[in-house]
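Residue numbers for the sequence shown follow the numbering used here, so the first one is 5 and each next one is one higher. Reviewing the structure listed below.
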Amino acid sequence: MLLPKVKTSSENGVKVLAVRGEFTGGDETDELRNALAAEAEGGTTGLLVDLENATYLNSTALGVLIAAHTNFSKRGATLGLCNVSKNIENLFVITKLVLVFKVYGSREDGIAALGQGG
5 MLLPKVKTSS ENGVKVLAVR GEFTGGDETD ELRNALAAEA EGGTTGLLVD
55 LENATYLNST ALGVLIAAHT NFSKRGATLG LCNVSKNIEN LFVITKLVLV
105 FKVYGSREDG IAALGQGG
């Protein structure tokens, strides 16, 4: 089993956090929280979280994403999601978080949208 990881990169002026693995409220979720906080504190105005290789998010991980979204929104910044798997998408639909987050079908779509201000 691969250990969950968070990798930060910049593409066309947009910060991207690529996450991989299961996020069950342990060290991996702390790693996600810290990466999101670092981008917020660094003044990032557009952040895309790429969930292509994320296999599971529990309620703690969802809470981390919600808190980051709130933090970004309060600063007039945008946090978007892309490459959301069907299982994780179902979770966002059930919890009605699809109404809160900007969700893009691909990394390219998210980068294009966030690069134009959201």
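Note that the Cβ used here is the ideal one computed from N, Cα and C, for glycine as well.
query, result
"Quick one, are the C-beta atoms of L66 and V88 less than 8 angstroms apart?", "no"
"How many Å lie between E45 and K78 at the Cα?", "12 angstroms"
"What would DSSP say about K90, mapped onto helix, strand or coil?", "helix"
"Identify, in the order they occur along the chain, each residue of the same chain with its Cβ nearer than 8 angstroms to the Cβ of L21, setting aside the five sequence neighbours on each side.", "V10, K11, T12, L36, A39, L40, E43, L51, L52, V53, D54"
"Sort out for me which residues DSSP pairs G119 with in a bridge.", "Answer by DSSP bridge pairing: none, since G119 is not bridged."
"Given that a residue counts as buried once 16 or more other Cβ atoms are within 10 Å of its Cβ, and exposed if not, what is V97?", "exposed"
"Return helix, strand or coil for K100, following the three-state DSSP convention.", "coil"
"If you draw a straight line from the alpha carbon of E32 to that of A72, how long is it in whole angstroms?", "16 angstroms"
"Beta-carbon separation of R24 and N57 under 8 angstroms?", "yes"
"To the nearest angstrom, how far is it from the Cα of M5 to the Cα of E26?", "Residue placement at M5 is flagged as unreliable, the pLDDT there being 49, under the threshold of 50; the coordinate-derived value follows with that caveat. Their backbone Cα atoms lie some 10 angstroms apart in a straight line."
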